[in-house]
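Asker: Numbering (numbering that gives the first Met the number 0), first residue to last: 0 to 167. Next up is a structure, given as structure tokens.
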Amino acid sequence: MIVDPAVQQQLKTFEEAVKYFQQQKFHKALQLYEKVLPGPSKELADRAGVHLRICQQRIARPPTGSLRSAEDHYHHGVAMMNLGHWDEAREHLEKARKMASKADYVYYALAALDCLIGETDSAMLNLRTAIELRPENRYHARNDEDFASLQEDPRFTEMLYPERESSA
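The structure is reproduced here in structure tokens:
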């Protein structure tokens, strides 16, 4: 019996995803299941789709009580933001902010979230705080696609390129 090499590769990827799934490494498993979906075997694609949805659910709802630290809430908030679950992302990022009020990266993530959902004023305030806490954030924001919608806002330009203002 001749087996299509593309099906063999699809099966190999599926089996690798199952290993990560069994280890409860759901982010990695999810990435691999996504690679299985467009493959030639409909049966494998269907099975991958079921596992993919389970991964998404497990990522979205970590075991109760597992989020204890500001770091835990921050990482979960960013994961939710990446999945497009804005409300849950905000909830966890706000918890992280309350637990670690001087953590620049939390304000930066909140600014990115605000930008993604069109809350320009809030994005500017959070980004300003992130930059005040850690000036290097200014350089990160210049190339961050999450802030693309602010590129034309003069306040954004002034905040990220203060040298232009001082030399004018």
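No residue lacks a Cβ here, since even glycine has one placed at the ideal position from N, Cα and C. Source: prediction; values computed, not measured.
1. From the DSSP output, in three-state form, read off Q22 for me.
2. Near F25, which residues of its chain fall below 7 Å by C-beta distance, leaving aside the five closest residues on each side in sequence?
3. Would you call the CB atoms of R137 and L159 closer than 8 Å?
4. By the 10 Å Cβ neighbour count, where 16 or more other Cβ atoms means buried, how is R89 classified, buried or exposed?
5. In chain order, which continuous runs of the beta strand (DSSP E) of length 3 or greater are located wholly inside the stretch 8-61?
6. Verify whether the separation of the beta carbon atoms of A16 and L36 is less than 8 Å.
7. Report the start-end ranges of each alpha helix (DSSP H) in the stretch 80-127 that is 4 residues or longer and not cut off at the edges.
Answerer: On the basis of the coordinates in this document:
1. coil
2. C54, R57, I58
3. yes
4. buried
5. none
6. no
7. 85-98, 103-115
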